[in-house]
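Asker:
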Amino acid sequence: MKTRRTVANTIAFLTFTTMLMAAQMQMPASTPEGSKPAKASAAPKTLTGTVSDAMCGAHHMEKGKSAAECTRDCVKKGTKYALVVGKKVYTLDGHEAELDKLAGERATVKGSLMGEMVMVESVTAAKKAAK
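The numbering of the sequence shown is my numbering, which starts it at 9 and goes up by one.
1) In the DSSP assignment, find the alpha helix (DSSP H) that holds LYS109 and state where it starts and stops.
2) For VAL128, collect the residues of the same chain with a Cβ closer than 7 Å to its Cβ; drop the 5 residues on either side in sequence, then sort them by chain order.
3) Here's a check: name, in chain order, each residue in its chain whose Cβ is nearer than 6 Å to the Cβ of GLN32, leaving out the five neighbours to either side.
4) Hey, quick one: how far does the alpha helix (DSSP H) through GLU77 stretch, first residue to last?
5) Are the CB atoms of ALA62 and LYS88 nearer to each other than 9 Å?
6) Count Cβ pairs between the region 16-28 and the region 59-77 that sit closer than 8 Å; are there 3 or more?
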């Protein structure tokens, strides 16, 4: 008698869960205006800053290592390259080989800006400022 009740409850629970999932899949996706993903800007942006990683940003956490070494280690551990421009940190997507060469150095990045992410089109070493 007890096992019949347990089986019946389990079947009822699974049926209810399946109905909820089916109903949710049929609902239209509604997102408030504030939570829509940022659209890519039409024109490419040019940003100049220091190549870092998305985890450390402007302040590297690995003591005893240079900014370049810390950046490369963090990227090997799975974080993305980033560009620190003033107080903003932009996550960079693409051109990892060029970014690796410029880790810890100033660089100029051109690409499409989507919120805090830049889809990188080109990377060059930043020109030295005239004294």
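From the three backbone atoms N, C-alpha and C, an ideal C-beta is built for every residue, glycine too.
These numbers were taken from a predicted model, which means no experiment stands behind them.
Answerer: This is what the structure gives:
1) 104-109
2) LEU100, ASP101, GLY102, HIS103, VAL117, GLY119
3) none
4) 75-84
5) yes
6) By the Cβ test, the region 16-28 is not in contact with the region 59-77, since fewer than three Cβ pairs between them sit closer than 8 Å.
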